[in-house]
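Residues 980 to 1028, numbered by the numbering used here, are exactly what the sequence shown covers, in order. What follows is a short report on a single structure.
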Amino acid sequence: MSDQLFDRFNDRISRDIRNDLSKSLFTCLRERRPAAARTVAERYLAGHP
(Lines of atoms letter the chains of each structure in order from A and count residues from 1; the text may use other names and numbers.)
(Lines give C-alpha, C1' and ligand atoms only; values in the text may rest on other atoms or scores of the structure.)
Protein backbone atom coordinates (compact mmCIF):
# COMPACT_ATOMS: atom_id res chain seq x y z
CA MET A 1 0.00 0.00 0.00
CA SER A 2 2.93 2.37 0.53
CA ASP A 3 3.42 2.70 -3.25
CA GLN A 4 -0.15 3.86 -3.81
CA LEU A 5 -1.43 7.42 -3.69
CA PHE A 6 -4.05 8.05 -1.01
CA ASP A 7 -7.02 9.47 -2.95
CA ARG A 8 -9.81 9.46 -0.39
CA PHE A 9 -12.51 10.40 -2.90
CA ASN A 10 -11.86 8.13 -5.90
CA ASP A 11 -10.04 5.02 -4.73
CA ARG A 12 -12.06 2.26 -3.01
CA ILE A 13 -9.48 1.33 -0.38
CA SER A 14 -8.85 5.01 0.35
CA ARG A 15 -12.58 5.57 0.88
CA ASP A 16 -12.73 2.54 3.16
CA ILE A 17 -9.83 3.87 5.22
CA ARG A 18 -11.42 7.31 5.43
CA ASN A 19 -14.81 5.89 6.41
CA ASP A 20 -13.44 3.50 9.01
CA LEU A 21 -11.29 6.21 10.60
CA SER A 22 -14.28 8.56 10.61
CA LYS A 23 -16.41 5.96 12.38
CA SER A 24 -13.69 5.40 14.95
CA LEU A 25 -13.46 9.13 15.70
CA PHE A 26 -16.68 9.08 17.74
CA THR A 27 -15.28 6.35 19.98
CA CYS A 28 -11.97 8.22 20.32
CA LEU A 29 -13.75 11.38 21.43
CA ARG A 30 -16.21 9.61 23.71
CA GLU A 31 -13.52 7.59 25.47
CA ARG A 32 -10.88 10.34 25.23
CA ARG A 33 -8.27 7.96 23.90
CA PRO A 34 -7.03 7.20 20.38
CA ALA A 35 -7.13 3.40 20.67
CA ALA A 36 -10.07 2.97 18.28
CA ALA A 37 -8.39 4.92 15.47
CA ARG A 38 -5.08 3.21 16.15
CA THR A 39 -6.74 -0.19 15.79
CA VAL A 40 -8.22 0.81 12.42
CA ALA A 41 -4.90 2.20 11.20
CA GLU A 42 -2.97 -0.86 12.31
CA ARG A 43 -5.40 -3.15 10.49
CA TYR A 44 -4.88 -1.29 7.20
CA LEU A 45 -1.13 -0.96 7.67
CA ALA A 46 -0.94 -4.72 8.18
CA GLY A 47 -2.71 -5.16 4.84
CA HIS A 48 -5.89 -6.70 6.23
CA PRO A 49 -8.80 -4.31 5.63
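C-beta: ideal position from N, C-alpha, C; glycine also.
The beta-carbon distance between A1016 and L1004, rounded to whole angstroms, is 7 Å. This is short enough to meet the 8 Å contact definition. The alpha-carbon separation between N989 and R1011 amounts to approximately 31 Å.
Beyond the five residues adjoining it in sequence on each side, C1007 comes within less than 6 Å, by CB distance, of P1013, A1015 and A1016 in the same chain, given in chain order.
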